[in-house]
Structures are given as C-alpha cells and as structure tokens.
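Chemist:
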Amino acid sequence: MAGGGVVDDEDMPGGDADREPDPSDSLRTFGAVMQALREHAGYSRTEFADMVRFSKHTVESVELGRRMPDLALVERSEEALGNTGALRKSSKYVTRGRGDVGLAAWFRQWARLERVAVSLCTYECRLVPGLLQSEGYARALFENRIPLLTDEQLEAQVAARLDRQRMLSERPTVPFHFIVEEAVFRRRLGGRDVWRRQLDYVLERTAPRNVTLQVMPLDAEFHACMDGPVRLLETPKGRRLAYSEGQENGRLISDPKEVSLLCQRYDTLRSQALNPKDSRGLLERLRGEL
6 MAGGGVVDDE DMPGGDADRE PDPSDSLRTF GAVMQALREH AGYSRTEFAD MVRFSKHTVE
66 SVELGRRMPD LALVERSEEA LGNTGALRKS SKYVTRGRGD VGLAAWFRQW ARLERVAVSL
126 CTYECRLVPG LLQSEGYARA LFENRIPLLT DEQLEAQVAA RLDRQRMLSE RPTVPFHFIV
186 EEAVFRRRLG GRDVWRRQLD YVLERTAPRN VTLQVMPLDA EFHACMDGPV RLLETPKGRR
246 LAYSEGQENG RLISDPKEVS LLCQRYDTLR SQALNPKDSR GLLERLRGEL
C-alpha cells in the first residue's frame, strides 16, 4: 500500500511482497524435539519454564514452532535436559521461514523491508514501539485487543513481536533511532509489575551503541510531529521509505516528496526531544517511582 508510488521488488527481500506466510518446518521440528526431550525427562511446561528462567508462554511458543529459540533458552534447555547436544546442534539450522505469522496483514511488507534496512527511525506517541516491548507489555496490549483474540492468536502475535526484536542484537552496525512521547512511559499498561519490567527492558534494549532513544517531554512547547506516529527507513540501495499506521490499517509511503516531508519533520523532532542521556535519566527516575 504505497502513497503516490510503488515499492519495486528489488527493495523487498525475495521480491514476494504479496505471498502469504508459510510456517517454518525447521522451527516446528526444533520445537517438537525440544518438547519430546522435556517430556522424556518428566517435566511439565511450567516446571521446565522455571528451570530455564523463561515464561511458560515462551516455552510453549518455541515447542509449537511459533517462535525462534533464543540462544539463552537453547543453552539452559541443554543443561536441564542432560547436555545431549541435540538442541544446541539443531538450533544452528533453524530458520524463521517467512517470519510473517502473527503480523498484521498491512504491516507485513514494512516488516520485510525492516529486515534489510540500513537505518530505521521510529516516532511513537501511543505506545512503546514494538522493537522495545517486553513480553509482559506486549501480552497486555494483545489481551486488550477488541475483538478479543483467541489464545492461539494471542500467542502467535506475542511470539512474532518478540522474534522481530532480534534485529536489534543481530544487526549491531545498523542504527536504530526512537523518539517516544513521555506520556507513553507514564501509562502503566498491564499494572505496576509489568510496567516496572517494561522500563527496565527499554533501558536494556537501548543501551547498545547502535540504538538511540529520545523522549519527547510533556512540557515541550514545540512539536514537529503532531500528525501522529511515523517510521522511516533507508534500503540498501539508498531509497528512503516511510510507514504510517492507524486503526486497523497501515500505509507504506514511497512517494519521494511525501517521504522527504516526513523526514524533515522527524529531523526537527530530534532537536526538540530530550537528548539520549537526559532521556535515560527520565526513564530511570520513572523507574524509581514504582
């Protein structure tokens, strides 16, 4: 869905923007092996989740082939299940497949562009950006969705959101920049405990050198992005694209004039927001108030 232009296939991974997602056979196979080893050892999912220090929901998502196994989960599972080497070795061959399961249809094309972008910028005024959401916060978001999601839909969406975050650690030379309204960090979605962990998570995820967070303060007298949230990226071929999302829809923007305007607004907003150091200081103070 492009504004005033089209996105060429060469800008898309694989040039298959309209193909429906296929589950990854390797993910399902790895999950089945992990489940079989767990059951052979006599552990329930809840018991095993406590042993490997991951949530039961995460263990279930991996076992059902809905989520990529985290390296820490693989290592801790190996230790808990006898160090056979089966999980450690097989995890090297696991692929995401299309990686679109659990993503909204209107977001899939942008998600594919994100995977190959050489830079990513995000302004958000409604909620914590997906790349910075903790599992508890993401779960609270999807539990509040209307109409209500089924348990399977909820788990698929949480898994997809957490899997998408791997970009931050897997692409350490790609700059990720976020500007988020202070009001977002004052809304305690999910309750005090969820929100405390969410603030910790944001501080952790934005600590690497390639990730920058700026907070737009509530008392700012000037604001260049009053028209709503926006995302910007640059493709490997140097093309700049934008994305805007609202209620049950999203719009990929490729028209050069419109993208240029949004880039100007974003660049101005960067100068109006708190600098990264002061932004972290604000989050640390909010964390201390909980």
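Per the numbering used here: the sequence shown = residues 6 to 295. All residues carry an ideal CB built from backbone N, CA and C; glycine is no exception.
Looking at C-alpha atoms only, which residue of 73, 66, 284 is the closest neighbour of residue 186?
Modeler: 284
Chemist: Looking only at its own chain, which residues have a Cβ that is under 8 Å from the Cβ of residue 279, when we skip the five neighbours before and after it?
Modeler: 219, 220, 221, 222, 287
Chemist: Using the beta-carbon count (16 or more within 10 Å), is residue 168 buried or exposed?
Modeler: buried
Chemist: Where does residue 235 fall in DSSP's three states?
Modeler: strand
Chemist: On the DSSP bridge list, what partners appear for residue 253?
Modeler: Beta-bridge pairing links residue 253 to no other residue.
Chemist: Could you give the DSSP three-state label for residue 58: helix, strand or coil?
Modeler: Residue state for residue 58 is assigned as coil, using DSSP reduced to three classes.
Chemist: Mapping the DSSP letters down to three states, classify residue 132 as helix, strand or coil.
Modeler: coil
Chemist: Return helix, strand or coil for residue 172, following the three-state DSSP convention.
Modeler: helix
Chemist: Please give me, in chain order, every unbroken run of the beta strand (DSSP E) with length at least 3 that falls completely inside the region 136-197.
Modeler: Within the region 136-197, the beta strand (DSSP E) runs of at least 3 residues that lie entirely inside it are, in chain order, 181-186.
Chemist: Roughly how many angstroms separate the alpha carbons of residue 113 and residue 160, rounded to a whole number?
Modeler: 18 Å
Chemist: Whole angstroms are fine: how far does the CA of residue 73 sit from the CA of residue 59?
Modeler: 14 Å
Chemist: With respect to the alpha helix (DSSP H) encompassing residue 264, which residues constitute its N-terminal and C-terminal limits?
Modeler: In the DSSP assignment, residue 264 falls within the unbroken alpha helix (DSSP H) covering 261-277.
Chemist: Look at the alpha carbon of residue 295 and the alpha carbon of residue 144, and state the distance between them as a whole number of angstroms.
Modeler: 20 Å
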